[in-house]
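Presented below is the structure to which this report refers.
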Amino acid sequence: MVSVPSVKVSTKKGEVTYTDSIGRYGMNVDKNDSIAFTFRGKSTIYFPVKEINYPAGFDIALQVTVQDKYKTLKEIVVIKKTYKEDSIANREQYRKVFEFERGGLQLSETGTLGGTPGLDLTSLINSFRFKRNKSLRSLQNRLIEEEQQKFVDSRFTKQLVRQITGLAGANLEKFMIAYRPSYELVAYSEQYMYYQYILDASKYFKSGILPKPLLK
2 MVSVPSVKVS TKKGEVTYTD SIGRYGMNVD KNDSIAFTFR GKSTIYFPVK
52 EINYPAGFDI ALQVTVQDKY KTLKEIVVIK KTYKEDSIAN REQYRKVFEF
102 ERGGLQLSET GTLGGTPGLD LTSLINSFRF KRNKSLRSLQ NRLIEEEQQK
152 FVDSRFTKQL VRQITGLAGA NLEKFMIAYR PSYELVAYSE QYMYYQYILD
202 ASKYFKSGIL PKPLLK
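Be aware that the sequence shown starts at 2, since it is given in our numbering, and climbs by one per residue.
Below you can see the structure in the form of structure tokens.
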């Protein structure tokens with residue numbers, strides 16, 4: 002038996018929360034209310050709160066099929082590359098760009114002819130190559146932005162949004178464009194806060210309220 006994250010826990014009175022990465026959850030409920038669990042579109046029956054003997058640790062068992070990232074097709078094994086693997090490969094491919102430092106001179110450990118330490122001649126020359134430096138800075142910023150957006154893509158998925166909001170089809174597509182979260186929100190928020198953002202945003206969307214465009 003394993004803990005299951007992202008399980009929707011809801012009450013008849015409309016309270017909603019989700020289990021975290023290790024299957025934990027918490028919510029305030031009335032003794033006359035009932036709770037149910039939903040995962041991948043399938044829900045349990047409602048459990049009356051007053052019949053729960055141990056409210057602080059009420060857990061249930063779900064029959065879940067764990068999807069493997071290895072898929073076999075005609076004796077060919079297809080391995081889905083994760084965001085982390087893709088990011089590492091991207092960083093390796095553009096190592097010089099990511100490691101490019103914005104201006105300044107560097108000291109070499111040895112002199113240019115193997116003598117005493119001094120100014121790095123290559124660094125000195127590069128500091129005057131303005132067009133090269135500007136181009137590298139621009140490419141570095143673009144690569145960082147692309148990497149951040151790929152991270153958002155890996156967390157803000159149709160499957161997750163559909164599960165939390167119940168949206169589907171064209172409405173799901175419109176919602177994901179209109180309420181796409183920022184990199185900072187996805188990267189630095191606690192999981193339950195991130196899920197709460199999606200749930201709250203869906204309520205605005207269903208009411209016909211769209212976010213104001215960001216001023217640049």
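We put the CB at the ideal spot given by N, CA and C, even for glycine.
I'd like the span of the beta strand (DSSP E) that includes residue i, first residue to last.
i: ALA171; result: Counting along the chain, ALA171 falls outside any beta strand (DSSP E), though it belongs to the alpha helix (DSSP H) covering 170–179.
i: VAL17; result: 17–19
i: LYS9; result: 9–12
Contact check, residue i vs residue j under 8 Å by CB: the rounded distance?
i: SER35; j: TYR19; result: That pair is no contact at about 18 Å.
i: TYR198; j: LEU211; result: Contact doesn't hold; Cβ gap of about 15 Å is too wide.
i: PHE157; j: PRO182; result: 6 Å
For residue i, I'd like the list of residues in its chain whose CB is within less than 6 Å of its CB, leaving aside the five on either flank, ordered along the chain.
i: GLU16; result: MET28
i: SER44; result: ALA37
i: TYR205; result: none
i: THR12; result: VAL30, ASP34 and ILE36
Should residue i be labelled buried (16 or more other beta-carbon atoms within 10 Å of its own) or exposed?
i: ALA188; result: exposed
i: LYS14; result: exposed
i: MET177; result: buried
i: THR166; result: buried
i: LYS213; result: exposed
i: LYS51; result: exposed
i: LYS9; result: buried
i: THR73; result: Interpretation of THR73 is limited by its pLDDT of 47, a score under 50 that renders its predicted location unreliable; no figure is taken from the coordinates.
i: TYR195; result: buried
Note down, in chain order, each residue of its chain lying with its Cβ closer than 7 Å to the Cβ of residue i, except the 5 sequence neighbours on either side.
i: ALA202; result: TYR180
i: GLN149; result: TYR184
i: LEU173; result: LYS159, VAL162 and ARG163
i: ASP21; result: PRO6, GLN192 and TYR193
i: LEU168; result: VAL162, PHE176 and SER203
i: LYS135; result: none
i: GLY209; result: none
Hey, could you find the ends of the alpha helix (DSSP H) residue i is sitting in?
i: PHE40; result: Note, PHE40: premise wrong, no alpha helix (DSSP H); beta strand (DSSP E) at 35–40.
i: VAL187; result: 184–189
i: ASP201; result: 192–207
i: LEU161; result: 159–166
Closer than 8 Å: is that where the CB of residue i sits relative to any heavy atom of the ligand MG?
i: LYS32; result: Looking at this structure, you won't find the ligand MG or any other ligand, since it has none at all.
Sorted by chain position, which residues of the same chain lie with C-beta nearer than 8 Å to residue i's C-beta, five sequence neighbours on each side aside?
i: LEU1; result: This structure cannot settle anything about residue 1, because the visible part of the chain is limited to 2 through 217.
i: SER190; result: TYR198
i: LYS32; result: VAL50 and LYS51
i: TYR47; result: LYS13, SER35, ILE36 and ALA37
If we define contact as Cβ-Cβ less than 9 Å, is residue i a contact residue for chain C?
i: MET194; result: Absence of chain C from the displayed structure is noted, only one protein chain being present.
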